[in-house]
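In full-length UniProt numbering, the protein residues as written are 1 to 288.
Even glycine gets a Cβ: it sits at the ideal position worked out from N, Cα and C.
Following: one structure in structure tokens, then a few remarks.
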Amino acid sequence: MPVDPKPTVRRRVLGTNLRRLREEHGLLLEHAAEQLSCYPSKISRIESGQSPVRPLDLKALLDLYGVKDEVTRAGWLSLARESRKQRWWRVLEDRLPQDFLDLIGLEEDTSYCRGFQPGIVDGLFQTKEYAEAVIGGGSAGPLDENGQTKLEVRLERQKALTRSENPITVWMILGEAALRQQCGGVGVLRDQLLYLIELARLPNVTLQVLPYSVGAYRGGPTSFKIYRFPEPSSMEVVLLESHISHTYLENPKDIGFYADIFNYLRAAALGELESQALIADIAKEADK
Numbered sequence: 001m002p003v004d005p006k007p008t009v010r011r012r013v014l015g016t017n018l019r020r021l022r023e024e025h026g027l028l029l030e031h032a033a034e035q036l037s038c039y040p041s042k043i044s045r046i047e048s049g050q051s052p053v054r055p056l057d058l059k060a061l062l063d064l065y066g067v068k069d070e071v072t073r074a075g076w077l078s079l080a081r082e083s084r085k086q087r088w089w090r091v092l093e094d095r096l097p098q099d100f101l102d103l104i105g106l107e108e109d110t111s112y113c114r115g116f117q118p119g120i121v122d123g124l125f126q127t128k129e130y131a132e133a134v135i136g137g138g139s140a141g142p143l144d145e146n147g148q149t150k151l152e153v154r155l156e157r158q159k160a161l162t163r164s165e166n167p168i169t170v171w172m173i174l175g176e177a178a179l180r181q182q183c184g185g186v187g188v189l190r191d192q193l194l195y196l197i198e199l200a201r202l203p204n205v206t207l208q209v210l211p212y213s214v215g216a217y218r219g220g221p222t223s224f225k226i227y228r229f230p231e232p233s234s235m236e237v238v239l240l241e242s243h244i245s246h247t248y249l250e251n252p253k254d255i256g257f258y259a260d261i262f263n264y265l266r267a268a269a270l271g272e273l274e275s276q277a278l279i280a281d282i283a284k285e286a287d288k
């Protein structure tokens, strides 16, 4: 079985959940290997996402782990099929860092995302002109080749919101500063704000604003996202973005910590209609 040093996010999720099932039943790698008549190293590669799992092997593992419900088994087999597919972003492996490719995979493969962006409009919600300004970092002139690649990928990522099958559900909280920072100038910001109002009307988008009036708040000005994978996986992943890299947290304690912060922020933020009203007011101010 081939070893992939850069497994897809979905394959890693499949492997992680198979390991969870095995450990819940108190079984060792050797027990799973005996079920498949293979070496434990093969099970280890499957659980780490480095190797795909064949449908026949997956069915045998599900038998061992006591997964008998036909609907649940069908979900596992579907997850395995999807994990073997080559995704559109794989052709960019030599042009973008792996942690950024993982981000694309998260947005393509997850069903739900909630997060907080205190000082900038989230990449999933950015207009082309706003994204150009953010990627360019205030530099004059057109984007260089690397910047242009990032722009094209960002716009492609946004299709997850409006794809015909299973669009990702997003609940995003923006800090008021994100609505006032004039990335690209007044006109670009105004158009971006109006676009936010359009997106907020989508059935799969919830948008709230954390106003300045809240004052100090729990968690501080740190952006984060929590991605949830569809059933049968119960896995969630926290994404922390910095200027040079993306960090992914999969430990349940870390996920619980950021989930608590998100719940605090959504309670402190304006409601959906109030948020849209504030965004519209700031857009009007930009017209003056």
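Could you tell me how far apart the beta carbons of residue i and residue j are, in whole angstroms, since I believe they sit closer than 8 Å?
i: residue 224; j: residue 238; result: 6 Å
i: residue 53; j: residue 32; result: About 11 Å; that fails the 8 Å criterion.
i: residue 129; j: residue 170; result: No, residue 129 and residue 170 are not in contact; Cβ-Cβ is about 21 Å, not under 8 Å.
i: residue 51; j: residue 29; result: Not confirmed; about 14 Å, so no contact.
i: residue 27; j: residue 58; result: Going by Cβ atoms, the distance from residue 27 to residue 58 rounds to 16 Å, so no, they are not a contact pair.
i: residue 75; j: residue 46; result: At roughly 17 Å, the Cβ-Cβ gap does not stay under 8 Å, so residue 75 and residue 46 are not in contact.
Rank the options by C-alpha distance to the C-alpha of residue i and give the top, closest one.
i: residue 247; options: 22, 227, 265; result: 227
i: residue 122; options: 166, 179, 75, 59; result: 179
i: residue 235; options: 222, 28, 250, 254; result: 250
i: residue 272; options: 196, 132, 144, 117; result: 196
i: residue 203; options: 112, 265, 181; result: 112
i: residue 284; options: 190, 136, 120, 24; result: 190
i: residue 152; options: 168, 124, 141; result: 124
i: residue 119; options: 148, 11, 157, 182; result: 182
i: residue 156; options: 264, 127, 19; result: 127
i: residue 216; options: 201, 264, 254; result: 264
i: residue 66; options: 266, 279, 22; result: 22
i: residue 24; options: 12, 62, 40; result: 62
i: residue 255; options: 137, 240, 266; result: 240
i: residue 269; options: 218, 229, 242; result: 218
Start and end of the beta strand (DSSP E) containing residue i?
i: residue 117; result: 112-117
i: residue 241; result: 236-241
May I ask you to report which of helix, strand or coil DSSP gives residue i?
i: residue 169; result: strand
i: residue 271; result: coil
i: residue 187; result: helix
i: residue 5; result: Residue placement at residue 5 is flagged as unreliable, the pLDDT there being 47, under the threshold of 50; the coordinate-derived value follows with that caveat. Residue 5 falls in the coil class under three-state DSSP.
i: residue 206; result: strand
i: residue 174; result: strand
i: residue 287; result: helix
i: residue 194; result: helix
i: residue 68; result: coil
i: residue 282; result: helix
i: residue 182; result: coil
i: residue 26; result: coil
i: residue 122; result: coil
i: residue 141; result: coil
i: residue 201; result: coil
Could you check where the alpha helix (DSSP H) with residue i kicks off and where it finishes?
i: residue 247; result: From DSSP, residue 247 is part of no alpha helix (DSSP H) but of the beta strand (DSSP E) over 246-249.
i: residue 227; result: Per DSSP, residue 227 belongs to no alpha helix (DSSP H); it is in the beta strand (DSSP E), 224-228.
i: residue 214; result: Where residue 214 is concerned, there is no enclosing alpha helix (DSSP H), given that its DSSP letter is neither H nor E.
i: residue 338; result: Residue 338 lies beyond the range of the chain shown here (1 to 288); nothing can be said about it.
i: residue 53; result: Per DSSP, residue 53 belongs to no alpha helix (DSSP H) and is neither H nor E.
i: residue 134; result: 128-136
i: residue 163; result: Looking at the DSSP string, residue 163 is not in any alpha helix (DSSP H), and its letter there is neither H nor E.
i: residue 43; result: 40-48
i: residue 36; result: 29-36
Is any beta-carbon of chain B found at less than 7 Å from that of residue i?
i: residue 242; result: Any reference to chain B falls outside this structure, which holds one protein chain only.
Is it the case that the CB of residue i approaches a heavy atom of the ligand ADP more closely than 6 Å?
i: residue 224; result: For the structure depicted, the ligand ADP is absent and the ligand set is empty, with no information on it obtainable.
Counting Cβ pairs, one atom from each stretch, are 3 or more of them under 8 Å apart for the segment 151-167 and the segment 255-267? no
Using 8 Å as the cut-off, can you tell me whether the segment 171-178 makes contact with the segment 195-211, which would need three or more C-beta pairs spanning the two stretches below that distance? yes
Is it true that the segment 67-82 meets the segment 28-42, where meeting means three or more beta-carbon pairs spaced less than 8 Å apart? no
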